[in-house]
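Asks: First, the structure itself, so that you have it in front of you.
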Amino acid sequence: MPDDSPHEQEAARLANLERVRALGVYPYGTRAEGLVSLARARAAYDAGADEEHQASAKSEHPVDNRPRVAVAGRVMLKRDGGKLIWMNLRDGSGDDLQIAVSKRDCADPGFEIAKATDLGDIVIGRGPLMKTKAGEVTVWAGAFEAASKSLTPPPSKHTGLQDVELRYRQRYVDLWANPETLRVFRARSAVISHIRTLMEARGFMEVETPMLQALPGGAAARPFRTHLNALDIDVFMRIAPELYLKRLLVGGMGRVYEINRNFRNEGVDKQHNPEFTMLEAYEAFGDMGTMIDLTEHLCRESARLVVAMSRGADIASVPDTDLRMPFGEIEIDFGSPFQRVSYRALFQRALGFAATDLDRVWAKAEELGILRKYAKHLAEEGRAEEGRRATAGELRGQVADAIVVNEVFEECAEPTLDHTRPTYITDYPSAISPLTRPKPSDPELADRADLFIGGMEIAPHYTELNDPAVQAEKFRQQLAGLDDEESTFRNFDEDFIRALKVGMPPAGGMGLGVDRLVMMLTNQRSIRDVLLFPFMRPE
RNA sequence: GAGGAUGUAGCUCAGUCGGUAGAGCAGCGGACUUUUAAUCCGCGGGUCCCGGGUUCGAGUCCCGGCAUCCUCACCA
C-alpha cells in the first residue's frame, strides 16, 4: 500500500533498507578491498579487452579472461527488467559506468539486494567487464553489495539540482548530482596543488602565520572580532598575513609563501566572500618586477593545467596558443604575454587629461557624484556643516587628492581595460600604497602593480618598504585619517617596526586571489561557485 | 542600504480573468534476462515560503516579514 504520509519516499526507502536487513546483510557496508574507480574500470576494459580477451575469444578454447573489476558508486539510474537489472553508477572519478545484475549470474544475495536498491544508494559490484550490444562498457556483476543507503530522494536525473540555494547549502548533493560542480572543484584542487609545485620549484618555502591576531594589519579592511577567554582579551581574524611574512624575511627566510584564508568583515557579493583564499609571497632581493614575472608564470601554468585536465592530456602538450579560457561572453588569453600599462597612462587614455591635472580631476569627481560620500563622512564627523553637502571646493584640502584621483581612476579608467588580455597596471600613486616603497625616480609613485584579469583585480605586486622610519611615518599618516570605528581596531604595529629596525632585506611581494583566479580558469561568474561552502545566512 | 526577480509535489517546472491544485521524472502495485532519460498497465503524493488583509471565494489581489538570485551602493 502506498504511504500517504509526507515522507512517502523516505518510508519507501526505509522499507527497502529492511528488505536488505532481512537478507542478513548490513545495509551500510564495511571496508572494501580491491576497488578501482569507475574511470579506471573503463580504462581497464579498453586496455585489456582489445588484446587479451579478444585474442582468447578467437582461440579454439576460449576462456573468460575478460578484465574483472570491483567498483563502487552511487546509483544514478536503475532499469529493472525483472530478472536483469541495469544501473548507472557514479563516483568521484568524473566517470559513470553501467553495471548489470542478472538473477542467473549474480551470487546470492546480490540480486535481491539489487532489487531493493534505490536511486542514490551507494553499492559495490564485482565482476567481468563486457560490452553490451549497444557498445556500452558494463560490469557484469558476479557479486553485488550494499554500501550505503540514501534515505533522501535524489534530484531529477535529467536536470540535476538546479536550485542555486540548495546547491550551496547542500553541496554534498550538488557534488554528485551535477558533474560540472565536481569538475570545478577538481580543477580548483589541482590548480592550488600545482601552484605549490611551481612555488617550490622557484625556491619558495610554504609557511603558516597566525590567522588569529591581536592586531590585524597588512591591508585596509574591517576585521572580524572574537574573544580569547583564557586571556580575556579581544582578538581578530586576520585580514592579511603580510606583516608576519615580512617578519620572516627579517628572520632570514629568503623566499616564503602562504596559501591560506583571510577574513574580511565587509560586503558579500559575486566577487567577495567573508573568508577567501589568498596566496601571498615574498622574495628577498626581488622587487615588483620579479613578482610580476612570478604571477604571470603562475597564472599561465595554471591555465595550462586546466586545459590539460579538460583534454585528459599531458600538461606539457598544451601550447601557449591554446590557453584561451572562456569566461562568460569572452575568451581570456593566458598564453600571450600579459599587457602592461602605467596608472597615469591609463588615466590619461581613459579620461583625456592627466591624473596630475587636479582641477579637472576634482571637477570630474564632482560630476560623477563621487564626492557625496566624502561630504557625508565629514558631516558625520562634525567636520562640515550638518544637513548640507560640502562643495568640491570645501572638500578639497580635507580629502587627499590621491584618494580622489583613485576614485576617478577606478570609476573611469579600470573598466576600459581589455578584459580578454590580463593586464598589469603599474606605478600606482604612493599615497594610496602605504606599505610600498616609493619609486626612487619619483617619490609620488609607488613600486606597485596590480594584475587585472577579466575585469577583476587578481593580484597586487609591490617592491616592499623596508625603511623603518618611512614605514612608521606612513602608519602614523594612515591612522590620522581614520574615523573612530576604524581606529578601535587599527593600531600602530610597534613590533613590526621593531622587526624592520632589525633589518629586512629589499624584497618583492605579491598577493594573489586564488578564488578569483579559479573563477577565471573554470568560467564561473560567482565566487560562490568556486567555494565548496560559501557563506550563507543561517537557515 | 536601495531597486528588481524568484519561492507551487522528493527534483525540474506549468498554473490564463480570483472559482475543486497540474505535468514530466521520482515513489507505490503489476509485467519483463542486453536496457540506455528502458518500456507497458494501474495507483497514491501539496503548510502553493511565513503572517496578516480584501473577498461569498486567494497559489493568483493588497500589506508586512523571511530566504535566494540580479543590478546598484558600500567594500581593495
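Numbers -3 to 535, taken from the numbering used here, label the letters of the first sequence in order. Where is the CB? At the ideal position from N, CA and C, for every residue including glycine.
Give me the residue from 174, 166, 289, 401 with the minimum Cα distance to residue 354.
Replies: On the first sequence, residue 354 is found 358 positions in, with the first residue counted as 1. With distances taken between Cα atoms, residue 354 lies closest to 401.
Asks: What is the residue span of the alpha helix (DSSP H) that residue 185 lies within?
Replies: Locating residue 185 in the first sequence gives position 189, counting from the first residue. Here the alpha helix (DSSP H) through residue 185 covers 175 to 197.
Asks: On the three-state DSSP scale, how would you describe residue 58?
Replies: Looking up residue 58 in the first sequence gives position 62. The pLDDT assigned to residue 58 is 49, lower than 50, so where the model puts this residue is not dependable; a value taken from the coordinates is nonetheless given after this. Three-state DSSP puts residue 58 in coil, outside helix and strand.
Asks: Output the distance between the C-alpha atoms of residue 129 and residue 420, rounded to the nearest integer angstrom.
Replies: Position 133 of the first sequence, counted from the first residue, corresponds to residue 129. Position 424 of the first sequence, counted from the first residue, corresponds to residue 420. Between residue 129 and residue 420, the C-alpha separation is close to 57 Å.
Asks: So who's on the other strand from residue 223, going by DSSP bridges?
Replies: Within the first sequence, residue 223 is the residue found at index 227, counting from 1. The partner list for residue 223 (beta bridge, DSSP) reads 230.
Asks: In this structure, what does DSSP give as the bridge partners for residue 94?
Replies: Sequence index remark: in the first sequence, residue 94 carries index 98 (1-based). Beta-bridge pairing links residue 94 to 84, 134.
Asks: In terms of residue numbering, what span does the beta strand (DSSP E) encompassing residue 73 cover?
Replies: Residue 73 sits at position 77 when you count from the first residue of the first sequence. 64 to 76 is the extent of the beta strand (DSSP E) around residue 73.
Asks: So residue 432 and residue 412 are in contact, right, with Cβ under 8 Å, and what is the actual spacing, rounded?
Replies: Position 436 of the first sequence, counted from the first residue, corresponds to residue 432. Position 416 of the first sequence, counted from the first residue, corresponds to residue 412. Incorrect: roughly 24 Å between the Cβ atoms, too far for contact.
Asks: I'd like to confirm the pairing. Which residues does DSSP put opposite residue 338 in its beta bridges?
Replies: Position 342 of the first sequence, counted from the first residue, corresponds to residue 338. BP columns for residue 338 point to 422.
Asks: Might you give, ordered along the chain, the residues of its own chain that have their beta carbon closer than 6 Å to the beta carbon of residue 518, omitting 5 neighbours on each side?
Replies: In the first sequence, residue 518 corresponds to position 522, counting from 1. Cβ within range, chain order: 180, 183.
Asks: Can you tell me which of 391, 84, 281 puts its alpha carbon nearest to the alpha carbon of residue 248?
Replies: In the first sequence, residue 248 corresponds to position 252, counting from 1. Checked all of 391, 84, 281; the closest Cα to residue 248 is 281.
Asks: May I ask you to report which of helix, strand or coil DSSP gives residue 473?
Replies: Along the first sequence, read from residue 1 onward, the residue named residue 473 stands at position 477. Of the three classes helix, strand and coil, the one that applies to residue 473 here is helix, per DSSP.
Asks: Please state if the CB of residue 37 and the CB of residue 93 are separated by a distance shorter than 8 Å.
Replies: By 1-based counting over the first sequence, the position of residue 93 is 97. By 1-based counting over the first sequence, the position of residue 37 is 41. Yes, the Cβ-Cβ distance between residue 93 and residue 37 is below 8 Å.
Asks: Note down the Cα distance separating residue 385 from residue 350, rounded to an integer number of angstroms.
Replies: Numbered from its first residue, the first sequence carries residue 385 at position 389. Numbered from its first residue, the first sequence carries residue 350 at position 354. Low confidence applies here, because residue 385 scores a pLDDT of 48, under 50, leaving its location unreliable; read the following figure in that light. Cα to Cα, residue 385 sits roughly 27 Å from residue 350.
Asks: Pick out whichever of 64, 173, 278, 196 has its Cα sitting closest to the Cα of residue 136.
Replies: Indexing the first sequence from 1 puts residue 136 at position 140. Looking at the Cα atoms, 64 is the closest of the given residues.
Asks: Could you tell me which whole alpha helix (DSSP H) segments of length 4 or greater appear in the stretch 282 to 340?
Replies: As far as the stretch 282 to 340 is concerned, its whole alpha helix (DSSP H) runs of at least 4 residues are 284 to 307.
Asks: Buried or exposed: residue 306, going by 16 or more other Cβ atoms within 10 Å of its Cβ?
Replies: In the first sequence, counting from the first residue as 1, residue 306 sits at position 310. That one is exposed.
Asks: Suppose the cutoff is 6 Å on Cβ atoms and the five residues either side in sequence are ignored; what does the same chain contact list for residue 255 look like?
Replies: Within the first sequence, residue 255 is the residue found at index 259, counting from 1. Only 275 meet the Cβ criterion.
Asks: Can you tell me where the beta strand (DSSP E) with residue 266 in it begins and where it stops?
Replies: Walking along the first sequence from the start, residue 266 turns up at place 270. Where residue 266 is concerned, there is no enclosing beta strand (DSSP E), given that its DSSP letter is neither H nor E.
Asks: Quick check: the Cα distance between residue 430 and residue 463, rounded to an integer number of angstroms?
Replies: In the first sequence, the residue the question calls residue 430 occupies position 434. In the first sequence, the residue the question calls residue 463 occupies position 467. For residue 430 and residue 463, the distance between alpha carbons rounds to 12 Å.
Asks: Have a look at the DSSP bridge pairing and note the partners of residue 152.
Replies: Taking the first sequence and counting its residues from 1, one reaches residue 152 at position 156. Per DSSP, 156.
Asks: Helix, strand or coil: which one does DSSP assign to residue 213?
Replies: By 1-based counting over the first sequence, the position of residue 213 is 217. Reduced to three states, the DSSP call for residue 213 is coil.
Asks: Note down the Cα distance separating residue 197 from residue 205, rounded to an integer number of angstroms.
Replies: Here residue 197 corresponds to residue number 201 of the first sequence, with the count starting at 1. Here residue 205 corresponds to residue number 209 of the first sequence, with the count starting at 1. Their Cα atoms are separated by approximately 21 Å.
Asks: In three-state terms, what does DSSP make of residue 106?
Replies: Locating residue 106 in the first sequence gives position 110, where the first residue counts as 1. Correct three-state label for residue 106: helix.
Asks: State the DSSP-derived secondary structure class of residue 540, mapped to helix, strand or coil.
Replies: A question about residue 540 goes unanswered here, because the residues of the chain that appear run from -3 up to 535.
Asks: So, with DSSP's three-state summary, where would you put residue 251?
Replies: On the first sequence, residue 251 is found 255 positions in, with the first residue counted as 1. In the structure shown, residue 251 sits in a strand (DSSP, three-state: E or B).
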